[in-house]
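Below is one structure, written out as C-alpha cells; comments come after it.
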Amino acid sequence: MFDKLKKAFGGSKEEVAPKVEEKVEAAPAPEAAPAASAKPRIGYIHLSGCTGDAMSLTENYDILSTVLTDLVDIVYGQTLVDKWVHGTYAEEMPEMDLCLIEGSVCLQDEHSVQELLMAREKSGLICAFGSCAMTGCFTTFARGGQQAQPKHESFAPISSLVKVDLALPGCPVAPEMIANAVVALCNGDLEYLQPAMDIAACNAGCGCDVMTNIIRNGLCTGCGTCALACPTRAMGFTEGRPSCDRDRCIKCGSCYAMCPRAWLPIKRIKEETGL
Amino acid sequence: MPLGTYKEALSARATDSKITDVSQDGGIVSALLCYALDEGIIEGAVVAGTPDEDWRPIPTVVTSSDEVIAAAGTKYSMSPTLSALKEATRQYGLEKVGVVATPCQIQGLRKANAYPLTRFVTGKISLIIGIYCMENFPMASLDTFATAKLGFDSLQDASKMDIGKGKFWLTKDGEDSGLAIKETHGYEQAGCNICMDYVAEWADVSTGSVGSPDGWSTVLTRTDAGETVFKAAVDAGLIETKPMDEVKPGLGLLEKLAAGKKDKNGKERERRAKMGLPLPVEY
Chain F
1 MFDKLKKAFG
11 GSKEEVAPKV
21 EEKVEAAPAP
31 EAAPAASAKP
41 RIGYIHLSGC
51 TGDAMSLTEN
61 YDILSTVLTD
71 LVDIVYGQTL
81 VDKWVHGTYA
91 EEMPEMDLCL
101 IEGSVCLQDE
111 HSVQELLMAR
121 EKSGLICAFG
131 SCAMTGCFTT
141 FARGGQQAQP
151 KHESFAPISS
161 LVKVDLALPG
171 CPVAPEMIAN
181 AVVALCNGDL
191 EYLQPAMDIA
201 ACNAGCGCDV
211 MTNIIRNGLC
221 TGCGTCALAC
231 PTRAMGFTEG
241 RPSCDRDRCI
251 KCGSCYAMCP
261 RAWLPIKRIK
271 EETGL
Chain B
1001 MPLGTYKEAL
1011 SARATDSKIT
1021 DVSQDGGIVS
1031 ALLCYALDEG
1041 IIEGAVVAGT
1051 PDEDWRPIPT
1061 VVTSSDEVIA
1071 AAGTKYSMSP
1081 TLSALKEATR
1091 QYGLEKVGVV
1101 ATPCQIQGLR
1111 KANAYPLTRF
1121 VTGKISLIIG
1131 IYCMENFPMA
1141 SLDTFATAKL
1151 GFDSLQDASK
1161 MDIGKGKFWL
1171 TKDGEDSGLA
1181 IKETHGYEQA
1191 GCNICMDYVA
1201 EWADVSTGSV
1211 GSPDGWSTVL
1221 TRTDAGETVF
1231 KAAVDAGLIE
1241 TKPMDEVKPG
1251 LGLLEKLAAG
1261 KKDKNGKERE
1271 RRAKMGLPLP
1281 VEY
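These protein sequence lines map, in sequence, to chains F and B.
In terms of my numbering, the first sequence has 7 at position 7, counting the first letter as 1, and numbering is strictly consecutive.
In terms of my numbering, the second sequence has 1204 at position 204, counting the first letter as 1, and numbering is strictly consecutive.
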C-alpha cells in the first residue's frame, strides 16, 4: 500500500535518516502478500500538544475499528498502544511505515528531541499531525518560566529538526480530514495527499499568510472560507477582506490551508461532484 | 463548454408574488430556499443579506421563508458568506444547510468538502445554489457609481440596484438611471480578474438573469441534488418554467458571456504569470 508513497518521497534528508532509503526498498508489499505482518506499521508520537488530534482521530467511530483491526498495525505510541521509549530506559523504537506526530517539539526537553530524531530514523514517512507539529500553533506563544520545568520555553514545529513528508493542519485536525487521509494512505492515493505533502515544509502558518500570500497578491475575493476555517474566530472582515485579530490568532495555518485561492483541488472536486 | 456540466437549462420564475415583488429577477433563489425549508430538505441557509438596508452585504443565517424574503435581491459587493456556515452549524445547530453562493464561494465550499479541514461543518451542506457572477465591487466603487457617475447625493438614495442590458442600474424615486458597463470597468475587485467561472459551474443548481426575459431567470440544474429540488419546486407549483429555445435572448447570450469571462480572465492569468505573480495552485 505504501510503496507508491514511499517511492514518491524518496526517503528523507540523509543526515537525519540514513536508514530510510534502505528501508524504503525493503518495504512490504501487502497487495502481493496480505498477511497480518504486511499491514502498514503506524506509530503515534505525542510531543507538546493537548491530545486534541488523537481525540479527533478516535472520533472516526465508523471507520476506526476497521482501520485498526484490518488495515494498519499501530506499533508505537504512548496513548494508543502503551508502547514508547522511556527516556534513558529505552525500549527500542520499532520500524514504522508512517509515524504521526502530534505536538511541537520542546527544544529544551531532551526526551522529546530524542524521540523525534529516533522516529525520523525508524519511520518511512513522518506526518506532522495537527497544527502544533506543523507550525507550532499556540505552543508558539510559550515563554517558559513555569513549573515543573522552567527552562522549557521553545516549542518548535517538528520540521525544525526533521524532514516532514506530509502535514495535516488543524487545531485539532478535523476528524473527516483524518478519515480522508487514512483512506488515501491505505489506497496509495498520492493525488489526494499531494497538497499535504506540498505544505509539509511550511512552518509559519498564521492569519498573516492570508494577508501576504492572498490579499497582497490580488487573489482574494472575500468569500469567507478563511473565517470558516479559523477555530478561534480570529478572522474578521473589513471592506470585503479578511483581517486577522492577532490577539486571537493561534497560528494554526487553517485559514490559508482552506483558502480556495491558495490551492484548489479541481480534479478531486470534479470527481466528487461529477461536474 | 462555457456553461460547465449541466443537466437542463430552463427559463423560470417564482409564482408567488411575495417573492417576485422583492426578488432581483425571477426569484428562483428565494423560491428554491423557501421550498427546501418547507420540505425539510434544509433546516436553514446562509445567504448575503443587508440587514441595515445600506447595500452592504452581511452574511446571514435564514431559517424561515420570511427571513429568506427579507434577504432577497442581489448585492453587488463582497459578502464573506461562508463565514456564516460556522454560525449556522454551531450556534443554530443546523444539520442540513443550504448556501447561496457566487462561483468563488462555491470553489471554497467544494474545496472544504474535498479537504474538510474544519470539523463537522462541510458534511452538513445539503444544497448549493449558485448565482451567475461576472465580477464584484468594493462598496467604495458602488459609492463612486452612485455619486460621481450618476449624480446621486448618496448610494443610500437608491432603492434598487441591477446589472443588465449592458448597464449598471440604480433606481431612485421610481426612476432608473443607467451607467454603461464599460464605465464600471476598473472598479471591480482584483481577485475577480483571474476567475474563470461565470455561471457557478460547481453549484447544485445555478441561476441568474442572463438569457431570459425581464422578470425571468435562466436556471442550470447540475447535480442530482440540484435537479431534484428544482423539479420538486416546479411540481409543487412554486416555480413556472419555459424551454430556453422559446425565450429571448436565450442561452446563446449566457454562453457568450461565460466564454468572454474565461477568455478575458485567462489572459489576465497569463499576464500575472509572466510578471512572476502567483496564481492559485491547481491540483
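Backbone N, C-alpha and C define an ideal beta-carbon position, used for all residues, glycine too.
Query: Short check: CB of Cys252 (chain F) to CB of Thr139 (chain F), under 8 Å?; Result: no
Query: Between B:Thr1074, B:Leu1238, B:Arg1056, which lies nearest to Gly1130 (chain B) when the distance is taken from Cα to Cα?; Result: B:Thr1074
Query: Within its chain, find whatever has a CB closer than 7 Å to the CB of Ala1273 (chain B); leave out the 5 residues flanking it on each side and keep chain order.; Result: Leu1279
Query: Compare the beta carbon distance of Ser112 (chain F) and Leu47 (chain F) with 8 Å and say whether it is the shorter of the two.; Result: yes
Query: Suppose the cutoff is 6 Å on Cβ atoms and the five residues either side in sequence are ignored; what does the same chain contact list for Ile199 (chain F) look like?; Result: Ala167
Query: Using a C-beta to C-beta distance shorter than 8 Å, which residues of chain F count as neighbours of Thr1118 (chain B)?; Result: Gly170, Ala174, Leu228, Ala229, Pro231, Ser254, Met258
Query: List the residues of chain B that Glu272 (chain F) touches, going by C-beta distances under 8 Å, in chain order.; Result: Arg1110, Asn1113, Ala1114
Query: Among the residues of its own chain, which have a CB less than 6 Å from the CB of Ser1177 (chain B), if the five just before and after it don't count?; Result: Leu1150, Leu1170
Query: How far does the beta strand (DSSP E) with Cys244 (chain F) in it extend, from its first residue to its last?; Result: 241-244
Query: Kindly identify the DSSP beta-bridge partner or partners of Lys1165 (chain B).; Result: In DSSP, Lys1165 (chain B) forms no bridge with anything.
Query: Of the choices F:Thr79, F:Leu100, F:Asp82, F:Trp84, whose alpha-carbon is the least far from that of Ile42 (chain F)?; Result: F:Leu100
Query: Quick check: the Cα distance between Gly1208 (chain B) and Pro242 (chain F), rounded to an integer number of angstroms?; Result: 27 Å
Query: Out of F:Lys163, F:Met118, F:Arg261, point me to the one whose CA is closest to Cys127 (chain F)'s CA.; Result: F:Lys163
Query: With burial defined as no fewer than 16 other Cβ atoms inside 10 Å of the residue's Cβ, what is the status of Asn187 (chain F): buried or exposed?; Result: exposed
Query: Determine the DSSP secondary structure at Ala262 (chain F), reduced to helix, strand or coil.; Result: coil
Query: Which runs of the alpha helix (DSSP H) spanning at least 4 residues fall entirely within the stretch 63-148 of chain F, listed in chain order?; Result: 78-81, 110-122, 131-135
Query: Can you name the start and end residues of the beta strand (DSSP E) that Ala179 (chain F) belongs to?; Result: Taken as a continuous stretch (DSSP letters only), Ala179 (chain F) belongs to no beta strand (DSSP E), being part of the alpha helix (DSSP H) at 175-187.
Query: Could you confirm whether any beta carbon from chain F is found closer than 8 Å to the beta carbon of Trp1202 (chain B)?; Result: yes
Query: Just list the beta strand (DSSP E) runs in the stretch 1040-1100 of chain B, keeping only unbroken ones of 3 residues or longer that don't cross its boundaries, in chain order.; Result: 1044-1049, 1058-1062
Query: With distance defined between alpha-carbon atoms, name the residue in B:Asp1245, B:Gln1189, B:Arg1269 nearest to Ser1079 (chain B).; Result: B:Gln1189
Query: Leaving out five residues on either side along the sequence, give the residues of the same chain with a beta carbon under 6 Å from the beta carbon of Phe1120 (chain B).; Result: none
Query: Would you say Gly1191 (chain B) reaches chain F, if we count a Cβ-Cβ gap shorter than 8 Å as a contact?; Result: yes
Query: Could you pull out every residue in the same chain whose Cβ sits closer than 7 Å to the Cβ of Asp1197 (chain B), ignoring the five residues on either side in sequence?; Result: Pro1103
Query: Name the chain F residues that come within less than 7 Å of Gln1107 (chain B), Cβ to Cβ?; Result: Pro260, Leu264
Query: Since Leu1085 (chain B) and Met177 (chain F) are thought to touch, with beta carbons under 8 Å apart, how far apart are those beta carbons, to the nearest angstrom?; Result: The pair is not a contact, with the Cβ atoms about 16 Å apart (cut-off 8 Å).
Query: Determine whether the beta carbon atoms of Tyr1035 (chain B) and Leu1238 (chain B) lie at a separation below 8 Å.; Result: yes
Query: Within its chain, find whatever has a CB closer than 6 Å to the CB of Cys1025 (chain B); leave out the 5 residues flanking it on each side and keep chain order.; Result: According to the sequence displayed, residue 1025 (chain B) carries Asp and not Cys. Here the set comprises Ser1209, Ser1217.
Query: Taking only three categories from DSSP, how would you classify Glu191 (chain F)?; Result: helix
Query: What does Thr1223 (chain B) reach in chain F if we use C-beta pairs closer than 9 Å?; Result: Thr273, Gly274, Leu275
Query: Answer yes if the stretch 116-124 of chain F comes into contact with the stretch 220-233 of chain F, meaning at least three C-beta pairs across the two stretches below 8 Å, and no otherwise.; Result: no
Query: Is the CB of Asn1265 (chain B) under 8 Å away from at least one CB in chain F?; Result: no
Query: If I follow the unbroken alpha helix (DSSP H) through Gly1108 (chain B), where does it start and stop?; Result: 1103-1114
Query: Using the DSSP secondary-structure output, state which residues sit across from Leu1170 (chain B) in a beta bridge.; Result: B:Met1161, B:Ser1177
Query: Could one say the Cβ of Lys1007 (chain B) lies closer than 8 Å to chain F's Cβ atoms, at least one of them?; Result: no
Query: Can you give me the C-alpha to C-alpha distance between Asn180 (chain F) and Tyr1115 (chain B), rounded to a whole angstrom?; Result: 8 Å
Query: Under 8 Å: do the stretch 1089-1100 of chain B and the stretch 1041-1059 of chain B share three or more Cβ pairs, one atom per stretch?; Result: yes
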